[in-house]
Amino acid sequence: MRQIVKIGVKKKFISSNPMEGFKCSGGDVEVIPLEFWQVEKIQQKQFSVDRISEVRDAFIFQCFTGFAYQDIYDLSPENVVLVGPKKELACQAPRKDRGRRNGAHSADRRPTDI
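Heads up: the sequence shown begins at 482 in the numbering used here, then just goes up one per residue.
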């Protein structure tokens, strides 16, 4: 949004940036990680709505792989590869640079770990 407004000012579509100096701050929030037993309880929970079960499965996959939400939905069959001397199945997906890291890297996760 900020970038669009800056372009609008630069191209003189608007006279000034109404968001200049605005800072959105939610403050510091303490994030308490789940205990393993809590993750297992979520994994075992049965839902009557298929979509909720898919969300549960995606969340559990994220817990065990460390992939971000968007990363798991960008996965395809080509991301499942054989690794190591035992040729174990692994999930390999390039992580996108979202401003938190320098460049992209790959993460290997074995589906059997989940």
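By construction, the Cβ of each residue, glycine as well, lies at the ideal position given by its N, Cα and C atoms. Just so you know, these numbers come straight off a predicted model, no measurement behind them.
- Proximal residues to Lys491 (C-beta, below 8 Å), its chain only, five neighbours per side dropped: Stepping through the sequence shown from its first residue, residue 491 is reached at position 10. Cβ neighbours of Lys491 within its own chain (closer than 8 Å, five residues either side excluded): none.
- Query: Out of curiosity, what's the CA-to-CA distance linking Gly565 and Cys572?
  - Reply: The count along the sequence shown starts at 1 and reaches residue 565 at position 84. The count along the sequence shown starts at 1 and reaches residue 572 at position 91. Whole-angstrom Cα-Cα distance: 13 Å.
- Message: Along the chain, where does the alpha helix (DSSP H) containing Val490 start, and where does it finish?
- Response: Within the sequence shown, numbered from 1, the residue matching residue 490 stands at position 9. Run containing Val490: Arg483 to Lys491, per the alpha helix (DSSP H) assignment.
- Message: Suppose contacts are defined by Cβ-Cβ distances below 9 Å. Is Phe548 in contact with Ala574 by that definition?
- Response: As a first step, residue 548 must be located in the sequence shown, where it is residue number 67. As a first step, residue 574 must be located in the sequence shown, where it is residue number 93. Yes.
- Item | Neighbourhood of Phe540 by C-beta, 8 Å cutoff - its chain only, sequence neighbours within 5 removed | The residue you call residue 540 lines up with position 59 of the sequence shown. Same-chain partners within the cutoff: Ile523.
- Whole-angstrom C-beta distance between Ile495 and Gly489, which should lie under 8 Å: On the sequence shown, position 8 is the one that residue 489 refers to. On the sequence shown, position 14 is the one that residue 495 refers to. That pair is a contact at about 5 Å.
- Message: Spatial neighbours of Val561 within its chain, please: C-beta separation below 7 Å, excluding the five flanking residues on both sides.
- Response: Counting from 1 along the sequence shown, the entry for residue 561 is found at position 80. Excluding residues within five positions, the ones whose Cβ falls inside 7 Å are Leu570 and Cys572.
- Message: Considering Cα atoms alone, identify which of Gly507, Asp509 and Asp538 is closest to Glu521.
- Response: Translated into positions along the sequence shown, residue 521 becomes position 40. For Glu521, the nearest C-alpha among the options comes from Asp538.
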